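Below is one structure, written out as structure tokens; the observations come after it.
2 protein chains.
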Amino acid sequence: MSSSTALLTDQYELTMLASALRDGTAHRQCAFEVFTRRLPHGRRYGVTGGTGRVLEAIENFRFGEDELAQLADNRVVDERTLEWLRDYRFSGQVDGYPEGELFFPGSPLLTVRGSFAEAVVLETVVLSILNHDSAIAGAAARMVSAANGRRIIEMGSRRTHEESAVSAARVAYLAGFTATSNLEAGRRYGIPTAGTAAHAFTLLHDSERKAFESQVAALGTGTTLLVDTYDITKGIELAVEVAGPELGAVRIDSGDVGVLARQAREQLDRLGATSTRIVVSGDLDEYAIAALRAEPVDGYGVGTSLVTGSGAPTAEMVYKLVEVEDRPVAKRSSHKESRGGRKAAVRRHKETGTAVEEVVFHPDSPPELGPHDRHLQVPLIRDGQRVDGLPTLEDDRQRLRHALVTLPWEGLKLSQGEQAIPTTFRQP
Amino acid sequence: MSSSTALLTDQYELTMLASALRDGTAHRQCAFEVFTRRLPHGRRYGVTGGTGRVLEAIENFRFGEDELAQLADNRVVDERTLEWLRDYRFSGQVDGYPEGELFFPGSPLLTVRGSFAEAVVLETVVLSILNHDSAIAGAAARMVSAANGRRIIEMGSRRTHEESAVSAARVAYLAGFTATSNLEAGRRYGIPTAGTAAHAFTLLHDSERKAFESQVAALGTGTTLLVDTYDITKGIELAVEVAGPELGAVRIDSGDVGVLARQAREQLDRLGATSTRIVVSGDLDEYAIAALRAEPVDGYGVGTSLVTGSGAPTAEMVYKLVEVEDRPVAKRSSHKESRGGRKAAVRRHKETGTAVEEVVFHPDSPPELGPHDRHLQVPLIRDGQRVDGLPTLEDDRQRLRHALVTLPWEGLKLSQGEQAIPTTFRQP
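Top line first, the protein sequences correspond to chains A and B. Per this note's numbering, residue 16 is the first one in the first sequence, and the count goes up by one each step. Per this note's numbering, residue 16 is the first one in the second sequence, and the count goes up by one each step.
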């Protein structure tokens, strides 16, 4: 696999480029803006995910011999355009919401400025990353809220594309998940990884006892034993018999996990395994997690619903041309609201720190800032170079944690509702 | 990015391996089976997607220094396991449904045989690929049916993870899509690519006329002009004025595309552009495509709904241990149906060629085959080597086309219903 991101691109970006190079408009200075017209049905906030990966993708957006040959052999573009692409390197400016920042409909998540030529070709890969990663981040944040401080492990790799899985694990961690099962996410992003055994391990052995003995011998008494292969009550009894009351945790992956967790807790306590934790998994989403709040559950394993965005697998962001040579432009379409002109945003807060409004405005006429208000876009790329000292994934994880605390309390409700704070557009 | 697929894996596959190497069960001969318990809500058939990519992923499942260092540094497994992984190379057998074959709940889509050690570690990446690719293939096939022979172009890259986009384009083509906008899919899989211009191109120019003139100069009169940036009627008039009646196509991306297509056809015919095609796009799914059957639409561009599986972004397949040393094994869980034992499948057909039943059985006791029945699993890997002469993507595309024709007519309905043919499990 090539490390170039250049062909992760819709063909029309390059045919537009070819026409624009021919007619001389390719070098007009433009601003493109990434935003979404709506949140997924009933969601109250969005979470910016993928900004860090976008910056990497822009750096790796280079046309080598392989990429150029593909375009030449299929006559996608003409010779002049191939020559232009050969030297391509983004040299413009990018500003945007850092990862972990909340967003709302109309929030200017990313602004890309440069010549039409250098900015238009980035559209597809920028949107792919932000649409996927923000969809997962938004779902993940709701799950973390629902878990209410309990440990929550991402284990959805098998239910999504193998590369989406790695990116999903990354933004799940951003959103506050404790760990991931995905080893590549551990390598690529330094995220903690976790995992012990599946039902296959028990089935492989001549008895559940032999399986537990083997696992404890290999991984220690602090391990998590999966107790629902045959009979949960017998499984728990056996688990404590084999590992002793020092057993780290038991995992229950099927059945009515709320009832089963209560029974398991009583049984574990009776057996003296009072510090043994109970982990539940199996088709959990944010609603199931919340429903287990009153139960003695110590941790959750979440798979399918996380990696599919819990009903909203894409954030539906768009990348729109909003300025040409400082002149605002917008499509005049029948049903889609479009606002021309470059934008920035401020979030206003009450004195208590509670957010009240997302104000979107032209950068040349910023609103007055109250003591608790703050600018949301930060410089990400200047003259083609990534800005120094950009936040780490850990920084962004803290950012989201703090941002969620600023939402009005209704904003954190899982039920369907309006966006937590309104977006106000100021005329320039 | 490493080309190794080894870490696209849940940690527990490797901790199970470590325990099993320690206790001596790692070398027991096992069979794992991939199947799904249900189709997405109301769907009548599934389409096998991703088998070809699975074979590649198995070949590239190797632990190099980078992968081993990650596991060692994080103490995921012990030294003995690291040594074993260093020499890992799958040496077993894989049989399965070829791509483009239909499947139903319980169909044994893939059977992996080998030692526990060598087969268990493949679980995550095999499921990631089949779950994603089959989800997209299933949605794509319904869209192609709905398009009823008209051209249909995949253009969803921006709405999904950048690597999922490439795989989605691949299986959309498998399912009968005409082309994709994704250039990397063109390079990697030789799929036809397409695309001309977006609204940004019109907005960049001083007038719509200048934009159209530029595009026609660069791409010829056979190009597709996007006519809905400002006013569709004026856009079409201008398009024919600029390109002449030889104009290849106009594209309409917003509004009530059915009504607009009718108006556009009348207008184009009036202008003498009788062979100019009409392409529509913008939030189309299989239902919207079907609803446009009576309208003068020549082609569809489909994005979001395709890459998100049109409401079913994962196929929910599982990879279950079904045999250990020729002994059937199964979890005895409270609510999930599990059938131990290795399986194969035959599809029975009437004399007319219409499919009537999916028969699932143990390979050692196959049912008698009628003249129109056929075995569904084919050998894919023998002793670790990919079988010679496996079908190409074009072959698989034809396979699906033929398979869909064999479905009872209700099976192709888009409305919610039962699976098109029943699955029958024969006791061994």
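All residues carry an ideal CB built from backbone N, CA and C; glycine is no exception. What you are looking at is a predicted structure, and each value in this text was computed from that prediction instead of being measured.
Test: residue i CB closer than 9 Å to a CB of chain A
{"i": "B:Val257", "result": "no"}
{"i": "B:Ser229", "result": "yes"}
{"i": "B:Gly15", "result": "Nothing in the structure corresponds to residue 15 of chain B, since chain B is present only between 16 and 443."}
{"i": "B:Met31", "result": "yes"}
{"i": "B:Met16", "result": "Model confidence at B:Met16 stands at a pLDDT of 43, short of 50, so the residue's coordinates are unreliable and nothing is read from them."}
{"i": "B:Ser143", "result": "yes"}
{"i": "B:Trp424", "result": "no"}
{"i": "B:Arg224", "result": "no"}
{"i": "B:Thr244", "result": "yes"}
{"i": "B:His214", "result": "yes"}
Cβ of residue i within 9 Å of any chain B Cβ
{"i": "A:Ser172", "result": "yes"}
{"i": "A:Pro55", "result": "no"}
{"i": "A:Thr323", "result": "yes"}
{"i": "A:Tyr204", "result": "no"}
{"i": "A:Asp81", "result": "yes"}
{"i": "A:Asp93", "result": "yes"}
{"i": "A:Val499", "result": "In the structure as shown, chain A begins at 16 and stops at 443. Residue 499 of chain A is therefore absent and cannot be evaluated."}
{"i": "A:Ser179", "result": "yes"}
Option in the options with minimal Cα separation from residue i
{"i": "A:Pro207", "options": "A:Arg52, A:Ser229, A:Glu169", "result": "A:Glu169"}
{"i": "A:Gly64", "options": "A:Arg280, A:Ala187, A:Gly273, A:Arg165", "result": "A:Ala187"}
{"i": "A:Tyr310", "options": "A:Pro328, A:Asn89, A:Arg277", "result": "The question names Tyr, but residue 310 of chain A is Glu in the sequence shown. Out of A:Pro328, A:Asn89, A:Arg277, A:Arg277 has the C-alpha closest to the C-alpha of A:Glu310."}
{"i": "B:Thr195", "options": "B:Val272, B:Phe376, B:Leu286, B:Val322", "result": "B:Val322"}
{"i": "A:Gly263", "options": "A:Ile304, A:Gly273, A:Gly314, A:Leu275", "result": "A:Gly314"}
{"i": "B:Phe78", "options": "B:His42, B:Ala156, B:Glu177, B:Thr20", "result": "B:Thr20"}
{"i": "B:Asn163", "options": "B:Ala41, B:Phe192, B:Glu48, B:Arg414", "result": "B:Phe192"}
{"i": "B:Leu54", "options": "B:Ala41, B:Pro423, B:Glu80, B:Pro328", "result": "B:Pro328"}
{"i": "B:Arg101", "options": "B:Thr236, B:Leu22, B:Glu281, B:Val312", "result": "B:Leu22"}
{"i": "B:Phe118", "options": "B:Ser106, B:Asp93, B:Ala150, B:Val127", "result": "B:Ala150"}
{"i": "A:Val49", "options": "A:Gly385, A:Gly205, A:Glu223, A:Leu124", "result": "A:Leu124"}
{"i": "A:Ala226", "options": "B:Asp38, B:Thr439, B:Val393", "result": "B:Asp38"}
{"i": "A:Asp93", "options": "B:Gly250, B:Asp284, B:Ala232, B:Val402", "result": "B:Ala232"}
{"i": "B:Gly457", "options": "B:Glu114, B:Ser106, B:Cys45", "result": "Lying before the first or after the last residue shown, residue 457 of chain B is absent from chain B, which here runs from 16 to 443."}
{"i": "B:Ala132", "options": "B:His42, B:Ala84, B:Val69", "result": "B:His42"}
CB contact flag (residue i, residue j, <9 Å)
{"i": "B:Glu409", "j": "B:Arg52", "result": "no"}
{"i": "A:Glu373", "j": "A:Ser122", "result": "yes"}
{"i": "A:Arg412", "j": "A:Ala190", "result": "yes"}
{"i": "B:Leu299", "j": "B:Gly318", "result": "yes"}
{"i": "A:Ala435", "j": "A:Leu429", "result": "no"}
{"i": "A:Ser296", "j": "A:Arg266", "result": "yes"}
{"i": "A:Ile304", "j": "A:Leu275", "result": "no"}
{"i": "B:Leu391", "j": "B:Arg362", "result": "yes"}
{"i": "A:Val242", "j": "A:Ala288", "result": "no"}
{"i": "B:Ala156", "j": "B:Leu395", "result": "no"}
{"i": "A:Gln230", "j": "B:Ser34", "result": "yes"}
{"i": "B:Thr96", "j": "B:Gly111", "result": "no"}
{"i": "A:Gly153", "j": "A:Gly61", "result": "yes"}
{"i": "A:Val333", "j": "A:Val312", "result": "no"}
Sequence-distant residues of the same chain with beta carbon closer than 8 Å to residue i, five excluded per side
{"i": "B:Ser353", "result": "Lys335, Ala345, Lys346, Arg347"}
{"i": "A:Arg397", "result": "Gln108"}
{"i": "A:Glu228", "result": "Val257"}
{"i": "A:Pro378", "result": "Arg357, Lys358, Ala359"}
{"i": "B:Glu444", "result": "For residue 444 of chain B there is no data in the structure shown, the boundaries of chain B being 16 and 443."}
Integer Cβ distance of residue i from residue j, believed to fall under 8 Å
{"i": "B:Gly356", "j": "B:Val375", "result": "Contact flag wrong, Cβ pair sits at about 10 Å."}
{"i": "B:Met31", "j": "A:Ala370", "result": "Rounded, the Cβ-Cβ distance is 46 Å, inconsistent with contact."}
{"i": "A:Gly432", "j": "A:Arg59", "result": "5 Å"}
{"i": "A:Thr211", "j": "A:Thr244", "result": "Not quite, the Cβ-Cβ distance comes to about 13 Å (not below 8 Å), so this is no contact."}
{"i": "A:Arg173", "j": "B:Ser143", "result": "6 Å"}
{"i": "B:Leu198", "j": "A:Thr24", "result": "5 Å"}
{"i": "B:Val181", "j": "B:Arg166", "result": "In fact, because the Cβ distance is near 21 Å, the residues do not count as touching under 8 Å."}
Residues of its chain near residue i, where Cβ-Cβ distance is below 6 Å and the 5 sequence neighbours each way are ignored
{"i": "B:Gly201", "result": "Thr208"}
{"i": "A:Gly237", "result": "Gly263"}
{"i": "A:Met16", "result": "Model confidence at A:Met16 stands at a pLDDT of 43, short of 50, so the residue's coordinates are unreliable; what they give is reported in the following sentence. Correct list: empty, nothing qualifies."}
{"i": "A:Phe76", "result": "Thr20, Ala21"}
Other residues of its chain near residue i: CB distance less than 7 Å, five sequence neighbours each side excluded
{"i": "B:Glu28", "result": "Val135, Val136, Glu138, Thr139"}
{"i": "B:Gly368", "result": "His387, Thr421"}
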